[in-house]
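Q: Taken in order, these protein sequences are the chains called R and X.
Letter by letter, the first sequence follows residues 1 to 152 of the numbering used here.
Letter by letter, the second sequence follows residues 153 to 657 of the numbering used here.
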Amino acid sequence: MHKAPGFRLETGFVFVLLVLGSAISVISWGYGFGSLAQPGPGLYPFFVGAAISVFSLFILIAVLMSGTGKSLPAREGARTLALMTLTFCFWILAMPLLGYVVVSMLATYAFCKVMKLEGWRKPLAVSAGTALFIYLLFDYWLYVDLPRGILG
Amino acid sequence: MEGLSLLYSGFINSFTTVNLVACFIGALIGTVVGVLPGLGPTATMVLMLPFTLPYGPTTGLIMMTGVWYGAMYGGSTTSVLVNIPGEAASVVTCIDGYQMCKNGRAGAALALVAIGSFVAGTIGLLGLQFFAPLLGNAALSFGPPEFLSFMILAFVLLSNLSAEAPLKGALMIALGLFLATVGINPMDSYPRFTFGFEKLMLGIDFLPVAVGLFGISEVLSIAVEKYVKPVVSKVRLRDLYPNRDEIRRSVNPMLRGSILGFFMGLLPGPCTVISTFVAYALEKRISRTPERFGHGAVEGVVGPESANNSAVMGSMIPLLTLGIPFAAPSAIMLAGLRMHNVEPGPMLFVTHPDVFWTFIAAMYLGNLMLLILNLPLVGAFAKIAVIRPQVLLPVISLICLVGVYSVRNALFDVWVMIGAGVVGYFLRQWKYPIAPFIIGLVLGPTTENSLRQTLLMFKGDVSLIVGRPLSITLLALATAFLAYKFLGPRFGTKLAVNVDEGKSL
């Protein structure tokens with residue numbers, strides 16, 4: 001983790017939580033606070049939102065004062081993180097169309113390459129093995145009805 | 153006598169093929185996970201939740217505990233052989249365990265750890281068997297104010313013990329409590345924070361959030377880190393015999409660690425991890441030769457490893473008797489039991505005594521299975537430690553994806569899991585503890601119910617809590633702890649358990 005010179009991601013994150021906590025309290029008030037004797041649906045989330053705001057505020061002050069807020073991982077790590085996340089998203093988007101077996105195989109191959117498994121034989125073996133394992137575990141053993149897509 | 157007959161019927165119930173297989177699979181997977189640096193027991197338990205759904209609650213509970221328990225056994229293997237803790241509760245074992253390995257006593261260390269874990273597990277089970285029904289019966293008289301006070305005390309301790317910065321722990325609990333309010337409130341059927349999305353009406357499902365936070369975030373964290381291939385020392389079966397002196401020096405630490413770990417398990421927070429640090433400090437303090445610690449003292453290996461095993465059993469007490477999980481793995485178990493429509497708590501011993509006693513009996517068997525598995529197969533388990541993450545992580549990722557999808561056949565759940573995973577990755581990097589978030593999420597509905605019922609009971613006059621001795625004691629304890637935490641350092645004392653949570657949470 002390297003520190004970015006200006007804006008740090010952690011600072012932004014805690015600030016978002018501060019806003020979120022305040023928003024929760026405001027929205028909860030709208031649900032009906034009631035009274036302590038007759039609590040409405042908004043009473044409990046109002047206090048939870050207030051707690052989030054207070055804790056975030058203190059953490060934000062601490063992060064700003066110490067200047068220890070963390071940013072994104074180093075370039076190589078950020079690339080791996082982004083590609084891994086994209087592969088997850090690919091699986092979700094393509095699974096209904098291509099079916100779980102094909103997509104699982106493709107996604108596993110992509111995961112292997114993102115994590116720098118050398119050559120093409122090992123990634124292919126791992127992806128084929130994983131797809132077979134997923135089929136046996138979920139389809140054959142647990143009878144889960146998964147989309148088969150092009151394999152119909 | 154009633155307890156013995158219930159235990160007997162528990163053994164009869166546990167001797168079904170499905171329960172024995174569940175116990176074996178849980179113990180085996182737990183040991184493997186414990187050996188593998190990276191994936192922790194909590195993540196594994198979450199991943200296994202969907203597979204327990206086709207079977208009964210008892211089978212699910214047995215499998216989950218088997219994983220947790222097995223991870224405590226397996227975690228020591230890499231600590232001793234590679235100097236890399238398989239999971240956070242085995243960090244302390246590295247100190248003297250690896251030194252024993254360097255002195256050519258790795259086999260003896262592993263054998264004594266396995267025996268110590270077995271003894272500790274058995275003592276922990278005896279404690280659970282004895283204390284849980286007693287506390288369960290006592291808890292039947294608890295009302296909403298007592299439960300609310302218990303939860304406040306648990307939250308205070310949890311936020312302080314599970315994070316370097318208590319505020320971060322408190323923030324995570326509050327976020328978990330908030331997420332639990334999303335959806336239709338069962339008390340007045342009022343939809344909250346749904347913003348017109350139909351999928352949010354039933355609330356945010358626990359499983360995708362937990363798999364994302366524990367499974368996917370761990371996968372991402374390991375993928376981003378640089379992989380260094382470990383070098384594993386070989387252990388042969390004939391090396392496993394400890395000598396007479398090692399056995400003599402291990403007996404008392406084994407017993408002390410077991411008792412200490414059991415009571416540490418009753419504390420909110422990463423009890424298994426904290427128990428190992430405390431057990432190590434205790435052994436060193438009472439030793440006549442403290443200078444041997446750090447150079448391969450068998451007491452420094454056996455004491456902590458016994459403590460973490462019995463802490464698992466200790467932490468089952470608040471879960472089963474009060475329905476309040478004090479650690480992340482027990483929060484996963486609570487969620488798992490709820491999926492089977494079993495609500496742990498005082499009524500468990502009235503409505504589902506079979507669940508409790510079958511679980512106890514199965515864990516005796518599981519403990520024995522783990523001993524049998526771990527002694528002769530220690531060499532084989534050690535080899536697992538060298539499996540490259542490039543091979544392992546894709547398989548885990550796919551199990552997460554398909555596992556979460558398969559529960560409700562909903563891609564929405566998979567999106568939630570990925571979102572939680574990415575957020576969880578950054579939370580780990582920034583040292584925000586995940587366990588308090590999950591515990592807040594699981595306890596959210598109970599906390600709200602207890603608060604509303606207490607307010608209705610007292611007609612809004614919260615000062616009436618003074619008339620509830622247990623409630624006021626618990627709240628006084630929470631206040632005293634906070635006062636000690638903030639004022640203690642000023643008076644020269646410091647209450648801090650600096651635990652690298654790692655992935656055990």
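Backbone N, C-alpha and C fix where the C-beta goes; we use that ideal spot for every residue, glycine too.
1. So that I know if they touch, is there some Cβ in chain R lying closer than 8 Å to that of residue 565 of chain X?
2. Here's the rule: buried if 16 or more other CB atoms are within 10 angstroms of the residue's CB, otherwise exposed. What is residue 8 of chain R?
3. Taking the beta carbon of residue 322 of chain X as the centre, do at least 16 other beta carbons fall within 10 Å, making it buried, or is it exposed?
4. Is it buried or exposed, residue 436 of chain X, if we count other Cβ atoms within 10 angstroms and call 16 or more buried?
5. Using the three-state DSSP reduction, which class does residue 596 of chain X fall into: helix, strand or coil?
6. Classify residue 39 of chain R as helix, strand or coil using the three-state DSSP reduction.
7. What first and last residue would you give for the alpha helix (DSSP H) that runs through residue 437 of chain X?
8. For residue 272 of chain X versus residue 522 of chain X, is the C-beta spacing smaller than 8 Å?
9. Are there three or more Cβ pairs, one per stretch, closer than 8 Å when the region 295–311 of chain X is compared with the region 414–422 of chain X?
10. Do we get a CB-CB distance below 8 Å when we pair residue 330 of chain X with the residues of chain R?
11. With a threshold of 8 Å between beta carbons, is residue 115 of chain R in contact with chain X?
12. For residue 11 of chain R, decide whether its Cβ has a neighbour in chain X, counting only Cβ atoms nearer than 8 Å.
13. Go through its chain and collect everything with a Cβ distance to residue 28 of chain R's Cβ below 7 Å, but skip five positions before and after it.
14. CB residue 556 of chain X to CB residue 566 of chain X, shorter than 8 Å?
15. For a cutoff of 8 Å on Cβ pairs, would you count residue 56 of chain R as touching chain X?
16. Can you list the alpha helix (DSSP H) stretches of 4 or more residues lying completely in the region 67–147 of chain R, in chain order?
17. With H, G and I counted as helix, E and B as strand and the rest as coil, what does DSSP make of residue 400 of chain X?
18. Can residue 442 of chain X and residue 263 of chain X be called in contact, C-beta distance under 8 Å?
19. Listing by chain order, which chain R residues have their CB less than 8 Å from the CB of residue 229 of chain X?
20. Tell me the start and end of each unbroken alpha helix (DSSP H) in the region 155–188 of chain X that is at least 4 residues and wholly inside, in chain order.
21. Give the single residue among R/13, R/137 and R/113 whose Cα lies nearest to the Cα of residue 127 of chain R.
22. Cβ of residue 558 of chain X less than 8 Å from any chain R Cβ?
23. State whether the region 280–298 of chain X contacts the region 616–625 of chain X, with contact taken as three or more CB pairs (one from each stretch) at a distance under 8 Å.
24. Using the three-state DSSP reduction, which class does residue 225 of chain X fall into: helix, strand or coil?
25. Can you round the beta-carbon distance between residue 352 of chain X and residue 469 of chain X to whole angstroms, since I take them to be within the 8 Å contact cut?
26. Should residue 61 of chain R be flagged as near chain X, meaning a C-beta pair shorter than 8 Å?
27. Does the separation of the CB atoms of residue 559 of chain X and residue 359 of chain X fall below 8 Å?
28. Between residue 358 of chain X and chain R, is the shortest Cβ-Cβ distance under 8 Å, so that the two count as touching?
29. Among the residues of its own chain, which have a CB less than 8 Å from the CB of residue 12 of chain R, if the five just before and after it don't count?
30. Can the beta-carbon of residue 175 of chain X be found closer than 8 Å to that of residue 218 of chain X?
31. So, are the CB atoms of residue 638 of chain X and residue 324 of chain X less than 8 Å apart?
32. Going along the chain, which residues of its own chain have a beta-carbon closer than 6 Å to the beta-carbon of residue 366 of chain X, five neighbours each way excluded?
33. Pick out the complete alpha helix (DSSP H) segments inside the region 284–321 of chain X, 4 residues or longer, and give them in chain order.
34. Measuring only the C-alpha atoms, how far is residue 249 of chain X from residue 446 of chain X?
35. Please state the DSSP three-state secondary structure of residue 645 of chain X.
36. Which residues in chain R sit within 8 Å of residue 570 of chain X, going by Cβ to Cβ distance?
A: On the basis of the data shown:
1. For residue 565 of chain X, no Cβ of chain R is located within less than 8 Å of the residue's own Cβ.
2. Buried.
3. Under this definition residue 322 of chain X is a buried residue.
4. Burial call: buried.
5. DSSP places residue 596 of chain X in helix when its eight states are reduced to three.
6. The three-state secondary structure of residue 39 of chain R, taken from DSSP, is strand.
7. Taken as a continuous stretch (DSSP letters only), the alpha helix (DSSP H) holding residue 437 of chain X covers 423–438.
8. No, the Cβ-Cβ distance between residue 272 of chain X and residue 522 of chain X is not below 8 Å.
9. Verdict: yes, contact present.
10. Yes, residue 330 of chain X lies at the interface with chain R (some Cβ there is under 8 Å from its Cβ).
11. At a cut-off of 8 Å between C-beta atoms, residue 115 of chain R counts as an interface residue with respect to chain X.
12. Judged by the 8 Å Cβ criterion, residue 11 of chain R is not in contact with chain X.
13. Excluding sequence positions up to five before and after residue 28 of chain R, its CB lies within less than 7 Å of the CB of 42, 45, 46 and 49, all in the same chain and listed in chain order.
14. Yes, the Cβ-Cβ distance between residue 556 of chain X and residue 566 of chain X is below 8 Å.
15. For residue 56 of chain R, the nearest beta carbon of chain X is closer than 8 Å to its own beta carbon.
16. Within the region 67–147 of chain R, the complete alpha helix (DSSP H) runs of at least 4 residues fall at 75–98, 100–114 and 121–134.
17. Residue 400 of chain X carries a helical assignment under DSSP once its states are collapsed to helix, strand and coil.
18. No, these two residues do not count as a Cβ contact at 8 Å.
19. Within chain R, no residue comes near residue 229 of chain X; the closest Cβ sits about 24 Å away, beyond 8 Å.
20. Taken in chain order, the complete alpha helix (DSSP H) segments of 4 residues or longer contained in the region 155–188 of chain X are 169–187.
21. When each option's Cα is compared against that of residue 127 of chain R, the closest is R/113.
22. With 8 Å as the cut-off, residue 558 of chain X counts as an interface residue toward chain R.
23. When C-beta atoms of the region 280–298 of chain X are compared with those of the region 616–625 of chain X, three or more pairs fall below 8 Å, so the two segments count as touching.
24. DSSP places residue 225 of chain X in the helix class (H, G or I) of the three-state scheme.
25. Not quite, the Cβ-Cβ distance comes to about 35 Å (not below 8 Å), so this is no contact.
26. So, not an interface residue.
27. One thing to note: residue 559 of chain X has its Cβ within 8 Å of the Cβ of residue 359 of chain X.
28. With a threshold of 8 Å between beta carbons, residue 358 of chain X makes no contact with chain R.
29. Within the same chain, residue 12 of chain R has no close Cβ partners at all.
30. Yes, Cβ-Cβ distance for residue 175 of chain X and residue 218 of chain X is below 8 Å.
31. Not in contact: residue 638 of chain X and residue 324 of chain X (Cβ atoms no closer than 8 Å).
32. For residue 366 of chain X, same chain residues with a beta-carbon under 6 Å away, outside a window of 5 residues either side, are 194, 195 and 198 in chain order.
33. Listed in chain order, they are 296–313.
34. Cα atoms of residue 249 of chain X and residue 446 of chain X: separation of roughly 9 Å, rounded to the nearest angstrom.
35. With a pLDDT of only 48 at residue 645 of chain X, under 50, the local geometry of the prediction cannot be trusted, and no value is derived from it.
36. Within 8 Å Cβ-Cβ: 85, 88, 89 and 92.
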